[in-house]
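Participant: Once you've had a glance at the structure underneath, I'll fire off some questions.
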């Protein structure tokens with residue numbers, strides 16, 4: 001009988017680290033989108049970069065399912081990610 005594959009999770013990843021990653025993904029996607037609209041890029045590259053922006057946003061949003069407790073709607077926008085970051089002390093310096 002074949003072994004059942006399981007998804008290995010790093011239980012040492014904290015909510016703060018997940019929030020920081022989601023925030024960086026949102027910021028990077030926004031920066032790419034703004035740069036893309038400001039410069040003259042051939043259409044083929046514009047499409048590829050647009051897909052990458054969408055992928056980054058999707059990855060940031062999906063990180064909410066990894067929180068403890070799970071909150072799939074936690075990182076839907078940059079603003080919601082910032083509010084969770086404030087609650088967790090992400091921006092305290």
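Numbering (full-length UniProt numbering), first residue to last: 1 to 93. Note that CB positions come from ideal geometry on N, CA and C, so glycine has one too.
(1) Comparing alpha-carbon positions, which option in 61, 32 and 70 lies nearest residue 76?
(2) Identify the continuous alpha helix (DSSP H) that holds residue 85 and give its terminal residues.
(3) Under 7 Å Cβ to Cβ from residue 18, same chain only, skipping five residues before and after it: list those, please.
(4) For the alpha helix (DSSP H) that residue 74 lies in, which residues bound it at each end?
(5) Nearest by alpha-carbon distance to residue 30: which of 91, 58 and 43 is it?
Facilitator: So, to answer that:
(1) 61
(2) 78–88
(3) 63, 66 and 67
(4) No alpha helix (DSSP H) holds residue 74; DSSP gives it neither H nor E.
(5) 58
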